[in-house]
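Here is the structure we will look at, set down as structure tokens.
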Amino acid sequence: MRGTRLALIVLAVICGGGPSGPHLGAEPAIAAQQDRDRRLFPPEELGVLEGADRDAWQKPDLIMDALRIGEGSVVADVGAGGGWFTVRLARRVGPNGKVYAEDIQPEMLAAIRRRVLREGFNNVLYVHGKTADPGLPASALDAVLIVDAYHEIANPVNLLQHLGASLKPAGRIGIVGSTLEGGGPGPPLNQRVDAQKVIDEASHAGLRLVSRETFLDFQYLLILGR
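Heads up: the sequence shown runs through residues 42 to 267, numbered per the numbering used here.
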């Protein structure tokens, strides 16, 4: 999961939480960006996301089924990290489909490129997104997937608006996040985003809740549409 280790959390508090920290007197947008930067998953710890049991608890096939992703689909993996889900999407959509792997950290995109090359896929495109604009093509996607990255987004409403614009009329957005009840892998409890907050922010972005899936043990899956 895209959490941080305790040492990193403590370091963030020491660097930013005191009277002389960068939040004091900063503009709200700047403060939000600083908060978000501290939450970004460090590329040097990508191995944490590669546990041998992740397929068992993440249930990628069921997630892709819920999003109606099949052969020939055009999809995006937003906040793709090291590409764990990207290659599974690439395998599902096949040579006639397309996967946009998006991340704002160049190190993550480099890691995805290495992984895709190693696994021999030719249907992945790489997108260096921005904080509120992932840079995806308009009206082009059957599905967008955000896995374990929503809590890192500084301006989710703006991002969701852009994602909505990237969907085909029947396209879907899937957001996977860790529940507040704890248990299982995931970010620290104080970084997790409640599912209802995601639903509310999606509504502000002009999106609607299509379904809330319950097959994940430690997480929620929200399916959004236009």
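Glycine included, each C-beta is placed from N, C-alpha and C at the ideal position.
Keep in mind that this is a model prediction, so the values were computed, not measured.
(request) Would you decide whether arginine 233 is buried or exposed? Buried here means 16 or more other CB atoms lie within 10 Å of its CB. (result) buried
(request) Give me the Cα-Cα distance between alanine 131 and lysine 139, rounded to the nearest whole angstrom. (result) 7 Å
(message) According to DSSP, simplified to helix, strand and coil, what is proline 210?
(response) strand
(request) Report all residues from its chain with a CB closer than 6 Å to the CB of isoleucine 240; omit the five preceding and five following residues, and keep chain order. (result) Leu250
(request) List the whole-angstrom C-beta distance separating arginine 213 from alanine 236, where the pair is believed to meet the contact cut-off of C-beta under 8 Å. (result) Actually they are not in contact, since the Cβ atoms of arginine 213 and alanine 236 sit about 16 Å apart, beyond 8 Å.
(request) Classify leucine 166 as helix, strand or coil using the three-state DSSP reduction. (result) strand
(request) Spatial neighbours of glycine 113 within its chain, please: CB distance less than 8 Å, with the 5 preceding and 5 following residues excluded, ordered by chain position. (result) Val134, Gly135, Asn137 and Gly138
(request) Determine the contact status of tyrosine 187 and valine 119, defining contact as a CB-CB distance below 8 Å. (result) Checking the sequence shown, residue 187 turns out to be isoleucine, not tyrosine. In contact: isoleucine 187 and valine 119 (Cβ atoms closer than 8 Å).
(message) For the stretch 98-112 against the stretch 255-266, do three or more pairs of beta-carbon atoms, one drawn from each stretch, fall closer than 8 Å, so that the two count as touching?
(response) yes
(request) State buried or exposed for arginine 155, treating a residue as buried only when at least 16 other CB atoms are found within 10 Å of its CB. (result) exposed
(message) My parser needs the alpha helix (DSSP H) runs of 4 or more residues fully inside the stretch 102-136; what are they?
(response) 125-134
(message) Out of Pro228, Ala173, Ala93 and Ala121, which one is the CA nearest neighbour of tyrosine 167?
(response) Ala121
(request) Could you pull out every residue in the same chain whose Cβ sits closer than 6 Å to the Cβ of valine 165, ignoring the five residues on either side in sequence? (result) Ala131, Val140, Ala142 and Val157
(request) Evaluate contact between the stretch 179-186 and the stretch 205-212, counting only Cβ atoms and requiring at least three cross-stretch pairs below 8 Å. (result) yes
(message) Going by C-alpha to C-alpha distance, which of Phe162, Ala190, Leu150 and Gly111 sits closest to proline 229?
(response) Ala190
(message) Given this structure, state the Cα-to-Cα distance separating proline 226 from arginine 267, to the nearest angstrom.
(response) 31 Å
(request) Would you kindly check if the distance between the Cβ of histidine 192 and the Cβ of proline 175 is under 8 Å? (result) no
(request) Just confirm the distance between the C-beta atoms of leucine 263 and isoleucine 216, as a whole number of angstroms; I'd bet it's less than 8 Å. (result) 5 Å
(request) Buried or exposed for proline 147, please, with buried defined as at least 16 other CB atoms from any protein chain shown within 10 angstroms of its CB. (result) exposed
(request) Using a Cβ-Cβ cut-off of 8 Å, state whether serine 207 counts as contacting chain D. (result) Reference to chain D is not applicable here, since this structure consists of a single protein chain.
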